[in-house]
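**Q**
There are 2 protein chains.
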Amino acid sequence: MYDEKSTKVECDCQAVLDTWKILGKRWSLLILKRLHSKENTRFGELQRTLSGISSTVLADRLLELEREGIIIKIIFPEIPPKVEYSLTVRAEELGIILTSLENWVGKWNSKIKTSPGTQAHLQTQINTLKKTK
Amino acid sequence: MYDEKSTKVECDCQAVLDTWKILGKRWSLLILKRLHSKENTRFGELQRTLSGISSTVLADRLLELEREGIIIKIIFPEIPPKVEYSLTVRAEELGIILTSLENWVGKWNSKIKTSPGTQAHLQTQINTLKKTK
DNA sequence: CGGTATCCTAGCTGATACTG
DNA sequence: CAGTATCAGCTAGGATACCG
């Protein structure tokens, strides 16, 4: 998706963009939500809860999130294998931010999007007129 | 990317996911950042600032953000055409959240990612051992 | 200037099958 | 059970060309 070459950024926004790139992918948010509501969730349990996700993608997403330091993998050396995933402290803080984001979405969601011809578009027209006169 | 069918979500997370889907795309964040640092930016100006973005994608992203009620488009009926983009009030509130996200990334970024063999992975090993005994 | 139309490619995503 | 390997489809993103 993104490639590094042409995206010159002055500040260390790059770090944000990197994280953003992971979190922005499909399922990431839902995985975090699930782990937030129930710690120590197993792979199969996650897959069942997030119905529709393939083991391929789930494994991929879990790996990325682990590398970001957002989740922790606990391996039980048993037969059959048992692995549990849970959130890190870092993720708990992220959770707070995500909650505020959720509130933000909820707050405005009802006002906009109600009409297909969006309020924003209407505003565009108004602004056009204002500037014209 | 996402398709609606198999992604059953209980709460109105769907609204968050929708927004997330837009914001998570490439350039969205940088566009917002730019508009935050300078209101009333023109199309060409944006394109120059975000060096590397194509007009195709920029137009697409701006449209999506406008539909989300995050930016506003002001059209000046002149020849040659002049269009300015700026943030809505909704976006200003989003900015606060994004800033806290930026802080979150910055806070943890230094601690993790320093060593290639990530702290998280180390922790995995420790946890494995703990549970083993 | 501020886009749209078109085409092309890379990579995400998912289905299926297989393994320690 | 918890993944990997492999293959296939789709879509996001980018290059180019063109238009009002």
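Here the protein sequences line up with chains A and B, keeping their order. Sequential numbering from 1 applies to the first sequence in our numbering. Sequential numbering from 134 applies to the second sequence in our numbering. The beta-carbon is built from N, C-alpha and C at its ideal position, and this holds for glycine as well. Small disclaimer: the values here were computed from a predicted structure and weren't measured.
1. What are the partner residues of Phe209(B), as DSSP defines its beta bridges?
2. Mapping DSSP to helix, strand and coil, what is Ile203(B)?
3. List, in order along the chain, the chain A residues whose C-beta lies closer than 9 angstroms to that of Asn173(B)?
4. In chain order, what residues of the same chain have a beta carbon less than 7 angstroms from the beta carbon of Leu168(B), not counting five sequence neighbours either side?
5. So, is the C-beta of Gly24(A) closer than 8 angstroms to a C-beta in chain B?
6. Starting from Gly95(A), find everything on chain B with Cβ-Cβ shorter than 7 angstroms and list it in chain order.
7. I think Val149(B) touches Phe176(B), with their Cβ atoms under 8 angstroms apart; what is that distance to the nearest whole Å?
8. Would you kindly work out how many angstroms separate the C-alpha atoms of Glu211(B) and Gly69(A), rounded to a whole number?
9. Could you list which residues in chain B have their beta carbon closer than 7 angstroms to that of Glu102(A), in chain order?
10. Residues of chain B with CB closer than 7 angstroms to the CB of Val57(A), please, in chain order.
11. On the DSSP bridge list, what partners appear for Leu63(A)?
12. Of the choices Leu156(B), Glu226(B), Ser161(B), whose alpha-carbon is the least far from that of Lys107(A)?
13. Establish whether the CB of Gly239(B) and some CB of chain A are separated by less than 8 angstroms.
14. Return the chain-ordered list of same chain residues with a C-beta closer than 6 angstroms to the C-beta of Ile208(B), the five sequence neighbours on each side being excluded.
15. For Glu102(A), is the classification buried or exposed, using 16 other Cβ atoms within 10 angstroms of its Cβ as the cut-off for buried?
16. Helix, strand or coil for Arg42(A), going by three-state DSSP, please let me know.
17. Taking buried to mean at least 16 other C-beta atoms within 10 Å of its own C-beta, is Glu66(A) buried or exposed?
18. Any C-beta of chain A within less than 7 angstroms: which residues of the region 198-209 of chain B qualify?
19. How many Å lie between Leu154(B) and Arg26(A) at the Cα?
20. Does chain A have any CB closer than 8 angstroms to the CB of Arg223(B)?
21. Under the three-state reduction of DSSP, which class applies to Ile183(B): helix, strand or coil?
**A** According to the structure shown:
1. Lys215(B)
2. coil
3. The contacting residues do not exist; Asn173(B) stays about 11 angstroms from chain A at best.
4. Within the same chain, Leu168(B) has close Cβ partners Thr174, Ile204, Tyr218, Ser219, Leu220.
5. yes
6. None at all; the shortest Cβ gap to chain B is about 10 angstroms.
7. Going by Cβ atoms, the distance from Val149(B) to Phe176(B) rounds to 29 angstroms, so no, they are not a contact pair.
8. 52 angstroms
9. Val149
10. Within 7 angstroms Cβ-Cβ: nothing; Val57(A) doesn't reach chain B, min ~12 angstroms.
11. According to DSSP, which records beta bridges pairwise, Leu63(A) is partnered with nothing at all.
12. Glu226(B)
13. yes
14. Val216
15. buried
16. strand
17. By the neighbour-count definition (other C-beta atoms within 10 Å, threshold 16), Glu66(A) is a buried residue.
18. Residues of the region 198-209 of chain B whose Cβ lies closer than 7 angstroms to any Cβ of chain A, in chain order: Glu199, Arg200, Gly202, Ile205, Lys206, Ile207, Ile208, Phe209.
19. For clarity, residue 154(B) is Lys in the given sequence; the question names Leu instead. CA-to-CA, the gap between Lys154(B) and Arg26(A) works out to about 8 angstroms.
20. yes
21. A quick correction: the sequence has Leu, not Ile, at residue 183(B). DSSP, reduced to helix, strand and coil, places Leu183(B) outside both helices and strands of the structure shown, so it counts as coil.
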